[in-house]
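Asker: Numbering (the numbering used here), first residue to last: 243 to 440.
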């Protein structure tokens with residue numbers, strides 16, 4: 243199943259993508275799922291009322307991109323009740339305790355890098371980000387090769403406009419229709435990253 247793991251909607255002040263238009267954007271790019279990862283909010287969860295698939299079988303999973311002093315962290319799982327103002331270590335501990343997954347977003351982006359000291363704490367890293375420069379994605383890939391061969395890698399577009407949706411996707415072996423499905427498959431690691439033209 244082809245999923246864009248990192249998409250922002252108008253609940254992020256920097257995005258123009260409307261939640262209600264996601265299905266049409268997904269169909270036009272040929273992807274089967276998106277993860278809404280708005281900045282520090284899961285307001286899309288309330289709008290979708292917990293529904294994660296539309297009538298055509300496309301999946302829309304609500305996560306969030308959590309801002310910490312050590313960098314931005316994608317969260318999947320219990321996003322509707324995440325405490326505010328945690329540092330990366332406290333956030334990771336909370337997410338794991340609640341049965342979710344936390345993933346450093348664009349950790350080597352020049353404009354908002356992660357503190358490299360936190361990366362060993364995580365099992366999964368966002369290696370390919372559609373808004374990164376190629377050199378920033380390469381730096382992350384090289385870091386994984388040198389320091390974390392046991393780590394899993396995901397890719398996402400970090401879309402803020404419809405045209406960006408699907409630039410990088412994560413291709414899962416199994417279908418994903420719920421947040422629980424996503425967490426399980428992320429931890430199982432049966433997926434690959436793909437760059438697509440949009």
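Even for Gly, the Cβ is constructed at its ideal location relative to N, Cα and C. These numbers come from a predicted model, not from an experiment.
Might you give, ordered along the chain, the residues of its own chain that have their beta carbon closer than 6 Å to the beta carbon of residue 414, omitting 5 neighbours on each side?
Answerer: Counting only residues of its own chain and dropping the five nearest sequence neighbours on each side, residue 414 has a CB closer than 6 Å to the CB of 243, 427 and 433.
Asker: Would you list the one or two residues that DSSP bridges to residue 464?
Answerer: Residue 464 is absent from the model: the chain starts at 243 and stops at 440.
Asker: Starting from residue 309, trace the beta strand (DSSP E) in both directions and tell me its first and last residue.
Answerer: 306-310
Asker: Given residue 289, which residues of its chain have a CB within under 7 Å of its CB, disregarding the five upstream and five downstream residues?
Answerer: 261
Asker: Cα separation between residue 439 and residue 341?
Answerer: C-alpha separation (whole angstroms): 34 Å.
Asker: Look up residue 275 in the DSSP assignment and give the residues it is bridged to.
Answerer: 245 and 301
Asker: What three-state label does DSSP hand residue 317 in the structure shown?
Answerer: strand
Asker: Give a yes or no on whether the C-beta atoms belonging to residue 378 and residue 410 are separated by under 9 Å.
Answerer: no
Asker: Quick one: measure Cβ to Cβ for residue 329 and residue 349, integer angstroms, because I've assumed they're closer than 8 Å.
Answerer: Not confirmed; about 16 Å, so no contact.
Asker: Decide if residue 416 is buried, meaning its Cβ has at least 16 other Cβ atoms within 10 Å, or exposed.
Answerer: Burial state of residue 416 is exposed, judged by a 10 Å Cβ sphere holding fewer than 16 other Cβ atoms.
Asker: Compare the beta carbon distance of residue 345 and residue 306 with 9 Å and say whether it is the shorter of the two.
Answerer: No. Outside cutoff.
Asker: Going by CA-CA distance only, name the one from 422, 375, 367 and 334 that's closest to residue 389.
Answerer: Looking only at 422, 375, 367 and 334, the smallest Cα-Cα distance to residue 389 is reached by 367.
Asker: Using the C-alpha atoms, what's the distance from residue 370 back to residue 382?
Answerer: 8 Å
Asker: Quick check on this structure: which residue in 387, 430, 250 and 364 has the alpha carbon closest to the alpha carbon of residue 313?
Answerer: 364
Asker: In terms of DSSP beta bridges, what is residue 253 paired with?
Answerer: Residue 253 pairs with nothing; no bridge assigned.
Asker: Just to check my reading of the structure: residue 425 and residue 319 have Cβ atoms closer than 8 Å, yes? What is that Cβ distance to the nearest angstrom?
Answerer: 5 Å
Asker: Check residue 267 in the structure and name its three-state DSSP category.
Answerer: DSSP places residue 267 in helix when its eight states are reduced to three.
Asker: Report the partner residues of residue 437 according to the DSSP bridge assignment.
Answerer: 410
Asker: Would you give the residue range spanned by the alpha helix (DSSP H) that residue 425 belongs to?
Answerer: 421-430
Asker: With a threshold of 6 Å on Cβ separation, who are the neighbours of residue 256 within its own chain once the five nearest residues in sequence on each side are excluded?
Answerer: Excluding sequence neighbours, residue 256 sits near 402.
Asker: Kindly indicate the opening and closing residues of the beta strand (DSSP E) around residue 235.
Answerer: Past the edges of the chain, shown from 243 to 440, lies residue 235, and the structure says nothing about it.
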